[in-house]
Structure formats: structure tokens, C-alpha cells
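Numbering (my numbering), first residue to last: 15 to 434.
Written below as C-alpha cells is the structure these notes are about.
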Ligand code: GLU
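Below, the structure is given as C-alpha cells:
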């Protein structure tokens, strides 16, 4: 796993290459690279044993040039300012690439949810919400779920924010429960978006019918994706979670695997497969590898061992810069995180739009709009990358960063007109 500070650095290096390709001048480069606002907060809570604890929390807005900052909140022991900054920057590129009227941000609390009760997590979420309340809002910054946070956490945030401002403001956060103003299709959105990109890339690459897939990470994105891809006729041959991995070259029966994981909490309870070490997942003979866990999972050493022709980054930042370079050298196509994992924020945008308009879209409507957005972003990225002979990641960055730079310039010109 990459050291947490590597992520912001790696994202900025990638951003720089896109800025070079766009040939932007120094000041504009700075405006695109720099963080707009960094908020560090104290998150106090009292444990179930009655002891006072204090956690570090962050909310970072990388860019609001194209609209309110948008991005999740994670609960994880590895959360640092640098990690959140890198993830916030990636969110700006992601929303721009999908052409959503939003910017990019991210938040996190450095804690280990595995050691926290529900009551403690609720208290932490409410405490964190009070601390960041002055810098969030439907026109300013709209949080959402991320690693280890769910619709319950978002409902707590919405409720606590309503307490602070004295009225209900559903559009302050997305990824809420359906009963609390959430959108149809939000829970499966990341997986669905990723599925669209894999299907499209598989067509371009001419992958065989029944192509074999290995999925690293069996959380919200990974588990739903396994289900969708199996339904599409792919053969999911291996999956891992943080505690183990299972492999069956003939394919895993996903409904049973999901049921077993639900009951026992581990994928290794599924019995029609060989139990392998989670580190061996990258070695599995397959056509498609999906890193759907945390960042930094595929470094140079892992990338050397990858046997897949296609890697789809369902998580944020799973390939390190070194891993990415090795994959490129070996001719492996990588669908970058800003594209492959963009389904979640896209449906989050739909949720925000529905809340603001007082509307409720049907699941079918949400699915159709998501497919259209993902397809447009994929095709634009694929075409640009092919035309300029760039890896898909560079193509996606050039598109996204170009749109952010355009918005920054347009706003600066408006300021000029006002004062003239
Ligand atoms: N946490 C998700 C992501 O990294 C979703 C963010 C959102 O919905 O705003 O894209």
C-alpha cells in the first residue's frame, strides 16, 4: 500500500502531464492545481465506556470552478490531510470529465470503524457535521458516502445539519436513504457506472464472450459489480475482501457468494472455490482485473504480475504511478478511476438535482441518464486517447482538466466585466 502522502503527489504529477499537454500558462496551472479550501477540524466523542476521545477530521475543497464541491467522507485510520487533498483533486477531474455542474472535494475522519459501535459512529458523524457545517451547503459543498460510510451516515449528517441551520436542507448531502430524500439507483451507481465502462472497453478490445474477471474488494462497488458482470455473461473467477480471497476458474456463483458474505462477513465462507491469499488476486489468470478496494493496491511489483488485458479502477487511486507505468509498458489497458468509478458521483449529482427541484426520478430514468453520461465520458476519453496515442488516464485528465481550466478562465472574465 502506498504511503498516504503519495496520493496527492501522484495526482499532482498526473495533473501536470495533462497541463503540459494543454499548454496552459503558469498562473492558470496554479489555479487548477491548488486547493481552494482546507478545513481541519477536531471531532470529539464519548465512547460507550464513557471516555472522552478526540479525532482529526478534514474537509477539503479542491475546486468550485464548475459548481459546488462534491465528494465523499471516509472513515478510515489512514485518513490524512494529504490523502484527502489527493482524493479531493481527483473528484474535481471526475465531475468535470462527466460534465456534471459540480466541482471536487473530499472529507474524512481518521478512525477505525471496525472498533466503533453504531452509537459511537453516529456521534462521530454528528460531531464532524457540526464542525464542517460552516463550509458545506447545497451551493457550496455537498458531501456523500465513501470508504466505510453509508446512507445511514449521510442521514445523520442531513439531520445534524438541519439542527444547525434550523431547517431541512436535503440537498446538502447525497447518498441518503430513499426514505430521507435519497435517489433511486444511488446504492448501485458506482458498480453500474463501472460496468458500463468495462462493457464498452471489452467491445473495443475484442475480449471474448464469457471473459474472466477478478475483483479485488468486495464492498459496495465490488459486490454489486460482480453481480452485474455475471448477469452480463462475464465469468467472475476470483474475488477478495480484506480478510481473504476465493478462486474458481470455472466461475463463482455470485448470488450464493453474496449470501455467504452477507451472513458471515467474509468471502472465504463460500465453499465452491479454492481459498487463496488476497495478495494473489492480481496473479489470477483472467481478462479483466477490477481493483475495487483502497488506493495504492497495485504498485510496480503487483503490476508486473497482472495477467489481465484490462484493468478497471473501481476504487479511487488503486494503481500507484509506478504500477500504472508498468501496466502501460506491458500493454494493459487501464480504465482510470476518474472514469471507472464515476457512477457514484453521477447519481449523487442526480440526487442533488432532484432534491433542489423537489422531484423524484424513477429507477429506470436514473439508469438511462447514468448510462448516457458514462457512455459520453467513455467515448470522449477513448477517442481523445486514440487520436493522440495517449493512455486512457492521460486522455481523461486532459479532458477533465481542460474543462476546469475553461471554467476558471470564464469566471475570471466575468469578474472583469462586472468591474468594468
Ligand atoms: N465517494 C464517491 C467517489 O469517490 C462518491 C462521491 C459523491 O457521490 O459525491 O466518487
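We put the CB at the ideal spot given by N, CA and C, even for glycine.
Please read all numbers here as calculations on a predicted model, not as lab measurements.
| Asked | Found |
| --- | --- |
| State yes or no: is the C-beta of residue 346 within less than 8 Å of the C-beta of residue 320? | yes |
| Examine the ligand GLU and report whether any of its heavy atoms sits within less than 7 Å of the Cβ of residue 81. | no |
| Can residue 232 and residue 251 be called in contact, C-beta distance under 8 Å? | no |
| State the Cα-Cα distance for the pair residue 322 and residue 130, rounded to the nearest angstrom. | 38 Å |
| Provide the residue span of the beta strand (DSSP E) that contains residue 77, from first to last. | 66-77 |
| Mind pulling the beta strand (DSSP E) runs of 3 or more residues that sit fully within the stretch 231-294? | 249-255, 258-261 and 288-290 |
| I need the straight-line Cα distance from residue 208 to residue 239, nearest angstrom please. | 7 Å |
| Quick one: using the 10 Å Cβ neighbour count with 16 as the cut-off for buried, is residue 41 buried or exposed? | exposed |
| Pairing CB atoms from the stretch 91-103 with CB atoms from the stretch 334-342, are three or more of them under 8 Å? | no |
| Are there three or more Cβ pairs, one per stretch, closer than 8 Å when the stretch 131-139 is compared with the stretch 372-381? | no |
| Output the distance between the C-alpha atoms of residue 144 and residue 85, rounded to the nearest integer angstrom. | 18 Å |
| Can we count residue 369 as close to the ligand GLU, meaning its CB is less than 7 Å from some heavy atom? | no |
| Between residue 138 and residue 57, how many whole angstroms is the CB-CB distance? I'm expecting something under 8 Å. | 6 Å |
| Give a yes or no on contact between the stretch 145-156 and the stretch 178-196, applying the rule of three or more CB pairs nearer than 8 Å. | yes |
| Count the other C-beta atoms from every protein chain shown that fall within 10 angstroms of the C-beta of residue 192, then say buried if there are 16 or more, exposed otherwise. | exposed |
| If you drop the 5 nearest sequence neighbours on each side, which residues of the same chain put their C-beta closer than 6 Å to that of residue 126? | 91 |
| Assign residue 256 to one of two classes, buried (16 or more other C-beta atoms within 10 Å of its C-beta) or exposed (fewer than that). | exposed |
| Going by beta carbon distance, what residues of the same chain come within less than 8 Å of residue 415, once the five residues before and after it are set aside? | 29, 32, 33, 36, 46, 107 and 110 |
| So for residue 183, helix, strand or coil by DSSP? | coil |
| If you measure from the CB of residue 438, is any heavy atom of the ligand GLU nearer than 7 Å? | The structure shown does not extend to residue 438, since the chain spans only 15 to 434, so no value can be given for it. |
| In the structure shown, what three-state DSSP assignment does residue 151 receive? | strand |
| State the beta-bridge partners of residue 303 as determined by DSSP. | 228 and 325 |
| For a minimum of 4 consecutive residues, which ranges assigned as the alpha helix (DSSP H) are wholly contained in the stretch 332-413? | 335-343, 351-354, 357-371 and 377-402 |
| Counting Cβ pairs closer than 8 Å, one from the stretch 212-225 and one from the stretch 309-320, do we hit at least three? | no |
| Please indicate yes or no: does the CB of residue 188 lie closer than 7 Å to some heavy atom of the ligand GLU? | yes |
| Select from 167, 189, 53 and 51 the residue whose C-alpha is nearest the C-alpha of residue 359. | 189 |
| Measure the C-alpha to C-alpha separation of residue 277 and residue 165 and round it to an integer number of angstroms. | 20 Å |
| Shortest alpha-carbon distance to residue 390 belongs to which of 335, 413, 308 and 146? | 413 |
| Any idea what DSSP makes of residue 190, helix, strand or coil? | coil |
| Between which residues of its own chain and residue 484 is the CB-CB distance below 6 Å, once the five residues before and five after are set aside? | Absent from the structure is residue 484, since the part of the chain shown begins at 15 and ends at 434. |
| Rounding to the nearest angstrom, what Cα-Cα distance links residue 87 and residue 247 in this structure? | 34 Å |
| Are the Cβ atoms of residue 80 and residue 408 separated by less than 8 Å? | no |
| Residue 288: which of 196, 261 and 25 sits nearest, CA to CA? | 261 |
| Does DSSP put residue 20 in a helix, in a strand, or in coil? | helix |
| Using only the alpha-carbon positions, how far apart do residue 136 and residue 122 sit? | 14 Å |
| Is residue 92 near the ligand GLU - that is, is its Cβ less than 7 Å away from at least one heavy atom of it? | no |
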